[in-house]
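What follows is a single structure, written as structure tokens, with notes after it.
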Amino acid sequence: MIEHMEKKYKNFHIITYGCQMNIYDSNILKDILLLNGYNYTENIRDANIIFINGCSVREHAEKRALGRFFNLKKDGVKIGFIGCLGKNLKDKGFNSADFLMGPDDYKNAVKIIEEGIYIEKENELYDDVIYKNKSISSYVAITRGCDNFCSYCIVPYLRGRLRSRPYHSILKEVHTLKENGVKEVILIGQNVNEYYYEGVNFTELLRMVSDTGIKMISFLTSHPKDVDLNIFRLMKERENITRYLHLPVQSGSDRILKLMGRGYTSEEYIDLIGRIRDIVDDITLTTDILVGFPSEREEDFEKTVELIKMIRFDYAFMFRYSPREKTLSSLMDEFIDDEEKKRRLRKVIGIQYVITKEKSLNMLGKRKKCIGLSYAKKGGILCKGFDGKNIVVNEDAELGKEMEVEIIDVQGNTLIGKILKKEE
Numbered sequence: 467m468i469e470h471m472e473k474k475y476k477n478f479h480i481i482t483y484g485c486q487m488n489i490y491d492s493n494i495l496k497d498i499l500l501l502n503g504y505n506y507t508e509n510i511r512d513a514n515i516i517f518i519n520g521c522s523v524r525e526h527a528e529k530r531a532l533g534r535f536f537n538l539k540k541d542g543v544k545i546g547f548i549g550c551l552g553k554n555l556k557d558k559g560f561n562s563a564d565f566l567m568g569p570d571d572y573k574n575a576v577k578i579i580e581e582g583i584y585i586e587k588e589n590e591l592y593d594d595v596i597y598k599n600k601s602i603s604s605y606v607a608i609t610r611g612c613d614n615f616c617s618y619c620i621v622p623y624l625r626g627r628l629r630s631r632p633y634h635s636i637l638k639e640v641h642t643l644k645e646n647g648v649k650e651v652i653l654i655g656q657n658v659n660e661y662y663y664e665g666v667n668f669t670e671l672l673r674m675v676s677d678t679g680i681k682m683i684s685f686l687t688s689h690p691k692d693v694d695l696n697i698f699r700l701m702k703e704r705e706n707i708t709r710y711l712h713l714p715v716q717s718g719s720d721r722i723l724k725l726m727g728r729g730y731t732s733e734e735y736i737d738l739i740g741r742i743r744d745i746v747d748d749i750t751l752t753t754d755i756l757v758g759f760p761s762e763r764e765e766d767f768e769k770t771v772e773l774i775k776m777i778r779f780d781y782a783f784m785f786r787y788s789p790r791e792k793t794l795s796s797l798m799d800e801f802i803d804d805e806e807k808k809r810r811l812r813k814v815i816g817i818q819y820v821i822t823k824e825k826s827l828n829m830l831g832k833r834k835k836c837i838g839l840s841y842a843k844k845g846g847i848l849c850k851g852f853d854g855k856n857i858v859v860n861e862d863a864e865l866g867k868e869m870e871v872e873i874i875d876v877q878g879n880t881l882i883g884k885i886l887k888k889e890e
């Protein structure tokens, strides 16, 4: 580890991998450095400081970030890791980087990169750092850390215990973003449903954010054991809260769910989805699926397959289990062969693809209100509907404008829309 970094290193670039919280944290660090006289460059070749914000949740993500690090490491450029991977590598004594910062270290970034001085601090909320994003959509962190300690998850060991950010700080940030032209805020946390600060729970916070008049509000991630149905009553009542829920189930096997420490059964999850759909019948529902957990038998896996077919998620994020140090599952017996994990993953991906395709085709001819958020990779404007679905409009759409579109085509699983009306 380099003990000292000269002040001539002022042009920085941030590479971000992983979850929405990593994206948010990269922007927090960016704002802190800009306020301290550093210059951000989009072109990595012009940077003499490179931050890699990496993920440690899965082995593949960690290897990807480390590979990028060794490819970029060269004389004249200071390079290191931040975020969960920065904390994980610091705990392991990794000494090839010029600096390592965990999620609680960003306020001390200048001392770390200029003087090599680390000031240990835990449970940072950054509630006094108001992110001044001027894009159309912006994340807003409402909690940090996690108290669930699922047996496969390293996050609580890297991001710390759950703490809720003061609601007045959150509202101030939302107002600032709105004034800067942001149309959508996405409230984020490892488990947003556990938000609680001075008598204000997540449902009440959501109501407060809705009252700001911001055009569109989304939130993630939720935990099934903590869901409050009042959220969905509010969702039905408020037009600016998207009818979208990401609710990770992970497995359809009660035995595996218990080993994971998830705190619910498959029957309880299915019942919860039914009650949510009774309140908001057109809600868009996505989930996470983890296959190949230690000792997962074929019958356990098939229960996951049955659950996917029964609930018919709009989309699912699916992964193979990989052991993470510090977690309980890494100490378990009966690890599943990697080829078998790949087979199971291919199967659930195939099943979900068909379901997503069928649901997408059912959207043909329907009218949706949406907001243009960004340019689509293959041309056109990528819009987000108030049901959380993405729609590509290959016309003269404008970023940041609300419009009404008709779904006229499905390409792959991408909805293609035609503008019927647009905001002046």
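Here the sequence shown is numbered in the numbering used here, starting from 467 and rising by one per residue. All C-beta atoms, glycine included, are put in the ideal place defined by N, C-alpha and C. Note that the structure is a prediction, hence the values are computed from the model and not measured.
Report all residues from its chain with a CB closer than 6 Å to the CB of LEU723; omit the five preceding and five following residues, and keep chain order. SER717
Euclidean distance between Cα positions of LEU794 and ASN614: 13 Å
Considering ASP744, what are the terminal residues of the alpha helix (DSSP H) in which it resides? 732-745
Could you give the first and the last residue of the continuous alpha helix (DSSP H) run that contains LYS892? In the structure displayed, the chain extends from 467 to 890; residue 892 sits before or after that span and is not available.
Hey, how far is the Cα of PHE698 from the Cα of VAL746? Their Cα atoms are separated by approximately 7 Å.
Leaving out five residues on either side along the sequence, give the residues of the same chain with a beta carbon under 7 Å from the beta carbon of THR880. VAL858
Continuous beta strand (DSSP E) stretch holding GLY838: start and end: 833-841
Is the Cβ-Cβ distance between GLU872 and LYS884 less than 8 Å? yes
Distance check for PHE565 and ILE579, CA to CA, integer angstroms please. Those two C-alpha atoms are separated by around 7 Å.
Within 8 Å, strictly: CB atoms of MET776 and ILE821: no
Considering ASN493, what are the terminal residues of the alpha helix (DSSP H) in which it resides? 486-501
Leaving aside the five residues before and after GLY568 along the sequence, list all residues of the same chain whose C-beta is less than 6 Å from its C-beta, in chain order. GLY552, LYS553
Please state the DSSP three-state secondary structure of ALA563. coil
Since LEU686 contacts ILE707 with CB under 8 Å, what's their CB separation in whole angstroms? About 13 Å separates the Cβ atoms of LEU686 and ILE707, ruling out a contact at the 8 Å cut-off.
Strictly by DSSP, which residues pair up with PHE547? ILE518, LEU566
Please confirm whether ILE515 and TYR475 have their CB atoms less than 8 Å apart. yes
DSSP has GLU868 in a bridge; who is on the other side? According to DSSP, residue pairing for GLU868 in a beta bridge involves ILE837.
Is the distance from the Cβ of SER603 to the Cβ of ILE652 below 8 Å? yes
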